[in-house]
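Everything below concerns the one structure shown next.
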């Protein structure tokens, strides 16, 4: 519930409800419920730009998923991506790239082309915002090549659009 309040811009109410839910979930001894609440808290803290708190809860969600549940690679990938986004928004580009690379490793192991593509684009974005245009281009070209001939048209459009933006940004 708290996360839904956050989406409606009543961030403090959202965090308050998430914290109440966490208190109950920690007593319930149900890792699935705890995972859901911890993940919601991580997302809610992100909305209020408290990226350290957000990342702490998202990392806790990864730990719960790995240690107490089925260790779903896709869920863990998404959590690493969210942590990477937090680092990126707070200007910690190298840390963001490290988190995106953790997600990429999971998606490569799963042979999940959509996840791989998303990771490449996330890494490219971090490099782009740090001014490392050659690295941004490298990862965007990988994403484009990966999706050649695929049915993921929206992702390919996003890749090509961003690739064009990087080329426009590069100064001769």
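Residue numbers (my numbering): 1249 to 1420.
All residues carry an ideal CB built from backbone N, CA and C; glycine is no exception.
As the structure is a computational prediction, the values presented were derived from the model and not from experiment.
C-beta atoms of residue i and residue j nearer than 9 Å
| i | j | result |
| --- | --- | --- |
| residue 1394 | residue 1368 | yes |
| residue 1228 | residue 1322 | Look at the range of the chain in this structure, 1249 to 1420, and you will see that residue 1228 is not part of it. |
| residue 1283 | residue 1264 | no |
Neighbourhood of residue i by C-beta, 6 Å cutoff - its chain only, sequence neighbours within 5 removed
| i | result |
| --- | --- |
| residue 1277 | none |
| residue 1286 | 1305, 1308, 1309 |
Burial state of residue i (16 or more Cβ within 10 Å)
| i | result |
| --- | --- |
| residue 1344 | buried |
| residue 1325 | buried |
| residue 1341 | buried |
| residue 1331 | buried |
Distance between residue j and residue i (C-alpha atoms, nearest Å)
| i | j | result |
| --- | --- | --- |
| residue 1268 | residue 1306 | 17 Å |
| residue 1329 | residue 1363 | 10 Å |
| residue 1402 | residue 1281 | 33 Å |
| residue 1327 | residue 1302 | 11 Å |
| residue 1408 | residue 1274 | 45 Å |
| residue 1271 | residue 1294 | 20 Å |
Residue range of the unbroken alpha helix (DSSP H) whose run includes residue i
| i | result |
| --- | --- |
| residue 1296 | First-last for residue 1296: undefined, no H or E at that position. |
| residue 1275 | 1259-1276 |
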